[in-house]
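A quick write-up on the structure given underneath.
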Amino acid sequence: GSDEEVRTLNSQDERRVIETGRAVLFERLIRLNDGKQHWLRVSKYPVFDSEGNVTAIGTSAQDITEQRRLETLLHDAVERIPDGFALYDTDDRLALYNENFFKGREEIKDIVMLGMTYEEQLRAVEERGLREKYHRTGHMTVEERLRLHRNPGEPFEIGLPNGRELFITEFRTNAGGIGSIRTDITRLKIIEEELRQSEMRFRDFAGAASDWFWETNHEHRFIYVSERFYNLTGSGPKDVIGLRRADRMKF
């Protein structure tokens, strides 16, 4: 800020120290003698006489410009992650997250705050009845979810009432924290179901047809032969699947 703004703020800070008898800590953007703006972490603290009266105010300052620059870079990088991401510290308190972590769960975002433990977060959401809203019937209890969170293992899926499917990956960091990634796999699930239905229709058609059908892989080995073939030849899947046409017969 301008010199006048800085003097005004300093005066206000010092008045607080005198009135409360306590130190104040703050971060402020200030233009220094080099003409550049620097972020400073400033502490103002009272100096007492033998009778406990404030006789002076001490000031210490640390230049945190580079730290703030790196924090800005980290925040920008985290926000560009397409999946939901959150990081919990060694005390399991929420230290960092991106907007995608609460995508589709705006009400939860209004409850959860930085510094909350994961357990506090879960129980606050449970008390508001929002876990029922954002999870399908039969979702995990708070205790079950806590066990998974505190002992990260294999990724798992969560289905939401609105039809969305999430793939949850949690892991321990080298420092002892816990990272959590929420990947929306709804589109993938839709494609998988469409493929499954298409395959079922093909199998039904192949089974009802008078001719037989087969499928081979990239090595030209049988991976599927219609039931009609088995009925005509008296063989079974174990006699055909995995073989090449030349290994078994000529059509």
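One rule links them: number in this note's numbering = place in the sequence shown (from 1) + 147.
Think of the CB as a built atom: it goes at the ideal place given N, C-alpha and C, for glycine as much as any other residue.
Closest by C-alpha distance to residue i, when choosing among the options
{"i": "Arg368", "options": "Glu340, Asp386, Ile337 and Thr206", "result": "Asp386"}
{"i": "Arg278", "options": "Leu335, Glu254 and Thr264", "result": "Glu254"}
{"i": "Val289", "options": "Arg215, Phe303, Pro302 and Glu274", "result": "Glu274"}
{"i": "Met260", "options": "Leu342, Ala242 and Gly251", "result": "Ala242"}
{"i": "Asn298", "options": "Gln344, Arg163 and Gly323", "result": "Gly323"}
{"i": "Tyr235", "options": "Tyr192, Asn321 and Lys250", "result": "Asn321"}
{"i": "His296", "options": "Gly306, Arg240 and Glu346", "result": "Arg240"}
{"i": "His365", "options": "Ile165, Gly389 and Gly251", "result": "Gly389"}
Any non-hydrogen atom of the ligand GTP within 6 Å of residue i CB
{"i": "Pro299", "result": "Ligands are entirely absent from the displayed structure, and the ligand GTP is therefore not among its contents."}
Assigned exposure category for residue i - 16 Cβ within 10 Å defines buried
{"i": "Thr284", "result": "Bear in mind that a pLDDT of 48 at Thr284, under 50, signals an unreliable position, so the model cannot answer this."}
{"i": "Ile228", "result": "exposed"}
{"i": "Lys397", "result": "Note on Lys397: pLDDT 49, under 50, position unreliable in the model; no value is reported."}
{"i": "Ile338", "result": "exposed"}
{"i": "Arg400", "result": "Since the first residue shown for the chain is 148 and the last is 398, residue 400 is missing from the structure and cannot be characterised."}
{"i": "Asn247", "result": "buried"}
{"i": "Ala233", "result": "buried"}
{"i": "Asp257", "result": "exposed"}
{"i": "Ser327", "result": "buried"}
{"i": "Asp160", "result": "buried"}
Own chain residues within Cβ distance below 8 Å of residue i, not counting five before or after
{"i": "Val194", "result": "Val201, Thr202, Ala203, Ile204 and Gly205"}
{"i": "Leu293", "result": "Tyr265, Glu266 and Leu269"}
{"i": "Asp238", "result": "Thr264"}
{"i": "Ala271", "result": "Ile258, Val259 and Met263"}
{"i": "Asp196", "result": "Thr202"}
{"i": "Val164", "result": "Ala170, Val171, Lys191, Tyr192, Pro193, Val201 and Ile204"}
Presumed contact (8 Å Cβ cut-off) between residue i and residue j, rounded CB distance
{"i": "Gly262", "j": "Asn245", "result": "Contact doesn't hold; Cβ gap of about 17 Å is too wide."}
{"i": "Gly310", "j": "Thr333", "result": "7 Å"}
{"i": "Leu172", "j": "Ser190", "result": "5 Å"}
{"i": "Ile325", "j": "Glu317", "result": "6 Å"}
{"i": "Ile370", "j": "Thr380", "result": "The Cβ separation is near 18 Å, so there is no contact."}
Contacts around residue i, its chain only, beta-carbon distance under 6 Å, and the 5 residues preceding and following it disregarded
{"i": "Val372", "result": "Trp361 and Val387"}
{"i": "Arg391", "result": "His367 and Arg368"}
{"i": "Gln209", "result": "Arg188"}
Beta-carbon proximity check, residue i vs residue j, cutoff 7 Å
{"i": "Glu186", "j": "Leu179", "result": "Note that residue 186 is Trp in the sequence shown, not Glu. Contact flag unset, no."}
{"i": "Arg188", "j": "Glu198", "result": "no"}
Close Cβ partners of residue i (< 7 Å) along its chain, the five nearest in sequence each way excluded
{"i": "Asn378", "result": "none"}
{"i": "Asp223", "result": "none"}
{"i": "Gly168", "result": "Pro193 and Val201"}
{"i": "Phe314", "result": "Pro302, Glu304, Thr330 and Ile332"}
{"i": "Val225", "result": "Phe232, Leu243 and Asn245"}
{"i": "Thr212", "result": "His185 and Trp186"}
Proximity test, Cβ basis, 7 Å: residue i and chain D
{"i": "His296", "result": "Any reference to chain D falls outside this structure, which holds one protein chain only."}
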